[in-house]
Structure formats: C-alpha cells, structure tokens
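So the sequence lines, in the order shown, correspond to chains G and W.
Just so we're aligned, residue 17 is where the first sequence starts under the numbering used here, counting upward by one.
Just so we're aligned, residue 17 is where the second sequence starts under the numbering used here, counting upward by one.
Glycine included, each C-beta is placed from N, C-alpha and C at the ideal position.
Small disclaimer: the values here were computed from a predicted structure and weren't measured.
Protein chains: 2
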Amino acid sequence: MTETAQHGPLTGLRVLEIGHFVAAPFCTRILGDLGAEIIKIEPPQGDPVRQWGEQIDGNSLWWSVHGRNKRSVTLNLKSAKAVEIVLGLVEKCDVLVENFRPGQLARMGLGDDALRAVKPDLVIAHISGFGQDGPYRDRAAFGVIGEAIGGLRYLTDHAPGTSDLPPVRVGVSIGDSLAGLYAAFGIVSAVWQRDRVKGDGKGRTMDVALTDSVLSMMEGMLPEYGALGKVRQPTGSRIPTAAPSSAYPSSDGRWILIAANSEPLFAKLASLIRRPDLLEEPKFKGNRARVENVVELDAIITTWTSQLTIVELENRLTTADIPSTQVYSAAECATDPQFIHRGMVREVDDELLGRVLHTGIVPHISDNPGTIRWAGPSVGQHTNEILGEFLSLKPDDLASLRAEGTI
Amino acid sequence: MTETAQHGPLTGLRVLEIGHFVAAPFCTRILGDLGAEIIKIEPPQGDPVRQWGEQIDGNSLWWSVHGRNKRSVTLNLKSAKAVEIVLGLVEKCDVLVENFRPGQLARMGLGDDALRAVKPDLVIAHISGFGQDGPYRDRAAFGVIGEAIGGLRYLTDHAPGTSDLPPVRVGVSIGDSLAGLYAAFGIVSAVWQRDRVKGDGKGRTMDVALTDSVLSMMEGMLPEYGALGKVRQPTGSRIPTAAPSSAYPSSDGRWILIAANSEPLFAKLASLIRRPDLLEEPKFKGNRARVENVVELDAIITTWTSQLTIVELENRLTTADIPSTQVYSAAECATDPQFIHRGMVREVDDELLGRVLHTGIVPHISDNPGTIRWAGPSVGQHTNEILGEFLSLKPDDLASLRAEGTI
Chain G
17 MTETAQHGPL TGLRVLEIGH FVAAPFCTRI LGDLGAEIIK IEPPQGDPVR QWGEQIDGNS
77 LWWSVHGRNK RSVTLNLKSA KAVEIVLGLV EKCDVLVENF RPGQLARMGL GDDALRAVKP
137 DLVIAHISGF GQDGPYRDRA AFGVIGEAIG GLRYLTDHAP GTSDLPPVRV GVSIGDSLAG
197 LYAAFGIVSA VWQRDRVKGD GKGRTMDVAL TDSVLSMMEG MLPEYGALGK VRQPTGSRIP
257 TAAPSSAYPS SDGRWILIAA NSEPLFAKLA SLIRRPDLLE EPKFKGNRAR VENVVELDAI
317 ITTWTSQLTI VELENRLTTA DIPSTQVYSA AECATDPQFI HRGMVREVDD ELLGRVLHTG
377 IVPHISDNPG TIRWAGPSVG QHTNEILGEF LSLKPDDLAS LRAEGTI
Chain W
17 MTETAQHGPL TGLRVLEIGH FVAAPFCTRI LGDLGAEIIK IEPPQGDPVR QWGEQIDGNS
77 LWWSVHGRNK RSVTLNLKSA KAVEIVLGLV EKCDVLVENF RPGQLARMGL GDDALRAVKP
137 DLVIAHISGF GQDGPYRDRA AFGVIGEAIG GLRYLTDHAP GTSDLPPVRV GVSIGDSLAG
197 LYAAFGIVSA VWQRDRVKGD GKGRTMDVAL TDSVLSMMEG MLPEYGALGK VRQPTGSRIP
257 TAAPSSAYPS SDGRWILIAA NSEPLFAKLA SLIRRPDLLE EPKFKGNRAR VENVVELDAI
317 ITTWTSQLTI VELENRLTTA DIPSTQVYSA AECATDPQFI HRGMVREVDD ELLGRVLHTG
377 IVPHISDNPG TIRWAGPSVG QHTNEILGEF LSLKPDDLAS LRAEGTI
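In structure tokens form, the structure reads like this:
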C-alpha cells in the first residue's frame, strides 16, 4: 500500500529543473539529498557553473556536489521540438523549478499556462534576483547586488570609522543559496497541501526573489528603523549586544574566537588570563558595562592571546571550559572529528573525478536519512535514458533529434 | 471534502515549539508565515530574545516579527504537571520543534519515546549547535562559534595581507537562521511523506546542527581541498573569479557596488568613465586577465567613483545599464520601491507597539499567499485559550495551576 521512502522523505517526488548557476540548482540539490528525483535540463554547452572554480581535466569539483543525485538531459530550448519534449516531461513531474530572467520561459512557450495545460496540479517555482513583478523585475540578477539591496552587505563590515576598506562580501553566494533554500521549503509546503489526504489537490506558483530572501534574515533591522529611526550599524568581529565576544589574534598569525559574554564565563576568562582584578572594575561589571568599554576590554584580552599560539590558546580555553574555537579554513573543516562523525565530510565516488570530498546532507533524519546516490553527471549523461523512459523515444528518434541539434 | 488553505499552503499543520533565542523560533516563524498554526511554550520569564535589541516600554521590536502568528503558552517545565500538559498538547500536534541542549528535553521527561507514546506519528525537529551526537554534542551552542567551524567566518574577510583586522561576523545570526530554514524544509518534507495519499504514515526525527547547516553552504570548498589541497581564501569585497566586481567609494563617504565583469559590461564601464583605452590594454583583456590585474583595475575605477556622490554614481551607472547599487542600510531597505511593491516592507498592527514595520513573507505564493495574522504576542497571552481549547481546562483549573506556578 505505501511506498518505501528508501532515499529519505522526498522519495516519490519528481522535480524538473530548468536552472543554471546557483539558486535553482542549489534548490534541487537539497531536494535530491532528501530523496526527490531530479531531472535537470541543460543546454548543449552545460550549466555555466561547470566552468567555475577549480577543475581536473576540465571537470569541475564544485559540480560534483552541486549536480549530485540529478539526471542531466541536454536540450536546445531554442528549438520548438525541445519545447515539446519539456512539456512531455512536465506532464510526468510534480514540480518545476527555474531561474531564468522573469518572463523568459514564457517567451519560449513554457509559461505557467502552457505548463498547467499539460499538468494542471504542477507546483512551479520561479527564482530570480528581484521577483516576477515590480519596478526592478527586469534588472540583472547579480547575487552581490541582491545581497547589498537586502541589507546584508552593509552590516558585514567593521564598525564605522574602524577601517577604510569596503564592507566584505559574505564568502559564498549566500543570497542565491538562501533563495534556493526558501524555494525548496515553499515547494515542499505546496506539495504537502496538494497531496495530503485532506488536501486540496491544487498546484501552486511561487515567486522567490534573492533580495526578499536576504531581507527576511534581517532580524530587528526593519522594525527598529520604522519605530525609532535607528539605522543598524556593523560591529565587525563583535556582537553588538554582548561582550566579550570577538576574534583575537594568536602569536602565530591565526584568529581565536572567544565568546565569554556571560558573568560565569567572563569570570573564568579573567581567571585564565590572570586578571581577576577585571571582575572588580566597575567598567567591566555586567554585560552592559562591558559592551560600553569593549575596545579597552578587547585590548586586554588581545594582550594575552597574542602571546600564545593558536594550539596553546585552544587547549587553555577548552580546559577552562570557555566557548572558543579557531577560525576554520577548508583544512580544518575537512578534518574535523565532529563533521566526520556525522557524515558531513565524506568521500563520494565520482565517475569523472574518482573519490571526491562532499558535504553531507542537512537535515539529518535519523530514522530515514537522505542519500548521495551519485555525483554530478556529465552534460546530457541521461538524455537517452530519460527520453526513452518518459517519452518512449526509440534509438532512431534520438539519433535524428541529435542530428538536428535538438538534444 | 478539502479544507481551504486560507493562510497559505501550510494551513492545517499544527506545530508545537519549545524553543528560545533564534533557530527554533525562526523555523516556526517561517512555518507560520505560510499558514501553519504555531503554539509556543515559554517559561514565565519569556523567551530571552524578548530582551534583545531596541525596546519600547519594555517591548521588543524584533519580537514583533520573530513571534508573529504564534500563540504563547507559559509553562514552568520544571514542574511535573507542566510536562503532562506538554504531552497533552503534543497529542494534538503534527510537529514538535525544540532547540534545548541535546538531551535536556529527555531529562525533563520529554524524550522522543515519551513524545511518540502519546503521538506515534509525530515529526520531531531537534535543533542544536553541533548536533545530537558526536564528540562536540555537549559544547555550548554559540552561533558565532558554529559559523567559524562551518568555514564561513574564514571566508568573510579581506584578502590575506590586506588588513590587520579580524574576519567579520556576517551582520546577522546567519548560522541560527540557516539551521531554522533547514529544519522547516525537513519538517515539511517529513509531513509530506507521512500525510500524502500514497505516503507511509510515519513520524520522523530530525537533527539539525548549526555547524552542518553552515558547512552545507560552502560550495566547492571541500571538494577542492580534498582533490587539490587548495585552501579557499577570502577576497574581501571582490568575487574570486570575476572582475571588475566590488564596492567602490563615493565622494560622500558611501559605497557603490559595480558588477561589470562581462565583456559588454566592461566595455560600457570603460566608456562611462572615459577610459576606452582600457579595452586595448592586454592586462584588462578578458576576464582572466582582469582578475589577475584587479588591484590596478579597481584603483582606476576608484579614481572615477571617488569624484562623484552616491546619487550621481547611481544615476550614471543606471543610465549606462551597468549592474550596480548603493549598499543599502535599514533606511534604504525600508523605503525601496521594489520591496514596498512586493509587500516585503509592510506595516503590521501590534497590540503592544502600535504600527510596526515588518519584513514580508518568503516565498511569495501568488495563488495562495501566506498572511501576517498578528504580531508577536505577550508572554503567555494565549495560555488560558490554548489550555481550555486543547485540554478542556476550566477557569478553576487554570487558577490553581497559576497559583502553584505551573503556568
């Protein structure tokens, strides 16, 4: 009666991706990680992200993760036959995810109406920089610009007056990934209402903007501005409302994060750095006073940290039971015992690259975990398989589609 | 036959939150935004986040957003009667979300077995800093430390050798919010498989770690390290693989982001800044050459930007159709015409605070949008209502529970 959810809770959900770069492919990566079946349409030259970052023999390492658990079908969407093929696939899918510029899919003959004509209860997710409507709808969707408009770039900076350098980019394409995560959340919400026993059986259309996704993370920024005119300011390595909590230099050129911003933790830290006198100082008594005098306090802590290596600092802080860590680079992430224990760092067989180090699956679902079934495929690796399986195309049909440049 | 999904696709899903701070309450905020019914258990002193950030008459502005669409029930979980009440509520809920330290709920008598004894198909989401198992399971879950361990802090910095200042914190509690988003995605995935017509009817347990959530965003970092030993490095305001794309100073002390890293866009920029000669220079020909000589190139662009105000820069760049924006602070976010058009910045009535500026709902689901039904409630505002409605407690029962400090 019930299907077995062999590869995680999304086993049985079929998703068609017409995406490229980061946002839509990240969305389908996390859907696939929890068991969804992903069919990715790619142009003959492949998703541009295959050219990004480090390569081995022309094969991208990032792609091994970004494309995992997906089947790749090559289609030249400028051809009318390819559009027919897409509609044939849509008929057999639950969900379509795309991140072209708003309106572009419709101009190809794949607008919402055309899609729903073949699959009335399709769930459709449009992902874009600024959304499917409004005055900015047609602006180019560069991630760094969306992150700046969402308010994140302004706050990712040293405190005003501290540095002449510009605010930094968050080290990854965070706006695109957030939009992908929100799209995945919305898609699964829509199929729940559609498919559940008391559900309404209806398809839904979602419109996920990178800018909106970033803005929705901004905590109290908007209400505080609206009510008090307060413009939230960056605080560099510190937390605005608690001290001491920052990154401090070691003697060997690394950074140690220390979060000792409660009374018991601050007492432990004062003792560890042999400055019990700090506890008697009115200017460091209580969190509010420490926040007010944080520059002086952090200078005292830096005097201590800068005399010790990162290894010594970690040992002493851990022994004293004070929350702390070195700032992990790729090297520390890859060898961290907790990540390895939890399967968050694991080797995966990749047909093109051999054994590749992959990030694991989030969330961990202990009684029904997702799986990494295969690494990112080559361009069009599954074209014949999918078009045979879904549309009953024969080798001869495929050969002529290939000859005319449709697949 | 079918229920109407009046408040979005999650109408009909009932979620119990035993959470505090950011991760679990953010998870339930976005579930509630799409229509889920949220019951939040709070200690008599309230969620600590009610004390964070700016207040008006002791009421938190952030809470107005963070607590919206939730009903608040006060319970002192140290009392055995309160634990019984929680189990009574669990029996009538689909999902439980919590973010205590691992094991703490079990020690209170609310372990997974006890929960499943009253509601066998309950979906349970445990959110924590490092996860429910492994060598770091019992470490304190400070967000800044989890972000550093996930690899994000290292990359959110100026390029090596550029600055003596430490890598900056992303301006919001990004690790907690990511964990909340992943939990929401996992929860809805689990209820889909449980509730769908061909589903398995089973509850599932998920274990969402802040560290894992951050690591899963790190793109090609792990595979590139594993295969090539390459430790990805921060690039400050720039993008590692494309130029020019950075933040440049205006004459009035602001920053303008310019992303002119394709051949046509670079040609437009060279023309706008009256340096057509750059197009003939071998060191700026093609993206690869521009990335290699980015310091020199950015200095040339800075010479131009630093002579113009932010308003002039935005006008000229927009007229030339070059992707660009000023770096938005709260003030620009709150008044942006696109955000206002899309309802991403909107006023909401708050019983305690009057009209409050809220972030809108993501994703936009055009044919079934979510709603903001009310702003964050006061502590225990719905205790009587919920305990009456779900457990049929009478005014006398409530009075004695209140007298003995259980509610």
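Close Cβ partners of residue i (< 7 Å) along its chain, the five nearest in sequence each way excluded
i, result
"G/D228", "G147"
"W/L68", "According to the sequence provided, residue 68 of chain W is Trp. The question's Leu does not apply to it. Once the five neighbours on either side are set aside, the close Cβ partners of W/W68 are S76 and W78."
"G/L329", "S266, I272 and T321"
"G/E70", "L77"
"W/A259", "N277, N303, R306, V307, V310 and L313"
When the options are compared against residue i, the one with the closest alpha-carbon
i, options, result
"W/A141", "W/D128, W/N277, W/D149 and W/L244", "W/D128"
"W/A133", "W/V113, W/G162, W/L121 and W/L103", "W/L103"
"G/M233", "G/A195, G/T251 and G/R254", "G/A195"
"W/N277", "W/D314, W/E420 and W/Q323", "W/D314"
"W/E493", "W/V364, W/I326 and W/V378", "Nothing about residue 493 of chain W can be reported from this structure: the residues present for chain W run from 17 to 423 only."
"W/V99", "W/L121, W/S408, W/V38 and W/G83", "W/L121"
"W/F400", "W/P64, W/I101, W/V139 and W/V81", "The residue asked about is misnamed: residue 400 of chain W is Asn in this sequence, not Phe. Nearest of W/P64, W/I101, W/V139 and W/V81 to W/N400, Cα basis: W/I101."
"G/V361", "G/E367, G/L368, G/T351 and G/T44", "G/T351"
"W/E367", "W/P25, W/R185 and W/G83", "W/G83"
"W/I338", "W/G392, W/E279, W/E240 and W/P379", "W/E279"
"W/T90", "W/S189, W/R291 and W/P393", "W/P393"
"G/H36", "G/P60, G/S287 and G/S179", "G/P60"
Cut-off 6 Å between Cβ atoms - residues of its own chain near residue i, not counting five sequence neighbours on either side
i, result
"W/G215", "Q209"
"G/P118", "S144, Q148 and R153"
"G/I34", "I57 and E114"
"G/R155", "F146"
"W/T18", "Note that W/T18 has pLDDT 46, beneath the 50 cutoff, so the model's placement of it is unreliable and the number below is only indicative. Within the same chain, W/T18 has no close Cβ partners at all."
"W/R389", "N85"
"W/I377", "D49 and G386"
"W/A206", "V139 and R220"
"G/D173", "P183 and P250"
"W/A39", "N115, I143, D192, A195 and G196"
Proximity test, Cβ basis, 8 Å: residue i and chain G
i, result
"W/K56", "no"
"W/G123", "Gly is not the amino acid found at residue 123 of chain W; the sequence shown has Arg there. W/R123 does not count as touching chain G."
"W/I317", "no"
"W/E33", "no"
"W/H357", "yes"
"W/R185", "yes"
"W/A350", "yes"
"W/H23", "no"
"W/V216", "As written in the sequence, residue 216 of chain W is Asp, which differs from the Val given in the question. At least one chain G Cβ lies under 8 Å of W/D216."
"W/E53", "no"
Proximity test, Cβ basis, 8 Å: residue i and chain W
i, result
"G/D223", "yes"
"G/R117", "no"
"G/W68", "yes"
"G/N384", "yes"
"G/V81", "yes"
"G/G376", "yes"
"G/H36", "no"
"G/V106", "no"
Same chain only: Cβ atoms within 8 Å of residue i, ignoring 5 sequence neighbours per side
i, result
"W/A21", "T27, G28, G51 and N384"
"W/L131", "L103, V106, L112, L138 and I140"
Boundaries of the beta strand (DSSP E) in which residue i is found, first to last residue
i, result
"W/D128", "Per DSSP, W/D128 belongs to no beta strand (DSSP E); it is in the alpha helix (DSSP H), D128 to V134."
"W/T27", "Counting along the chain, W/T27 falls outside any beta strand (DSSP E), and DSSP gives it neither H nor E."
"W/I140", "V139 to S144"
"W/A225", "T221 to A225"
Run of the alpha helix (DSSP H) containing residue i, from where it starts to where it stops
i, result
"W/A199", "I190 to D211"
"W/L121", "Q120 to R123"
"W/E328", "I326 to T335"
"W/L171", "L168 to L171"
"G/L313", "V310 to T321"
Cβ-heavy atom distance, residue i to the ligand SAH, below 7 Å
i, result
"W/Q61", "The ligand SAH is not among the ligands present in this structure, which contains no ligands whatsoever."
Members of the segment 193 to 213 of chain G that neighbour chain B once the beta carbon cut-off is set at 9 Å: The chain inventory of the structure shown lacks chain B, comprising the protein chains G and W.
Runs of beta strand (DSSP E) wholly within the segment 227 to 289 of chain G (minimum 3 residues, chain order): 261 to 265 and 271 to 275
Ordered list of beta strand (DSSP E) runs contained in the segment 349 to 419 of chain G, each at least 3 residues: Here the runs fully enclosed are 361 to 366 and 370 to 375.
Any beta strand (DSSP E) of 3 or more consecutive residues that is wholly inside the segment 46 to 103 of chain G: Annotation note: the segment 46 to 103 of chain G contains the following uninterrupted beta strand (DSSP E) runs of length 3 or greater, listed N- to C-terminal: 53 to 58 and 86 to 90.
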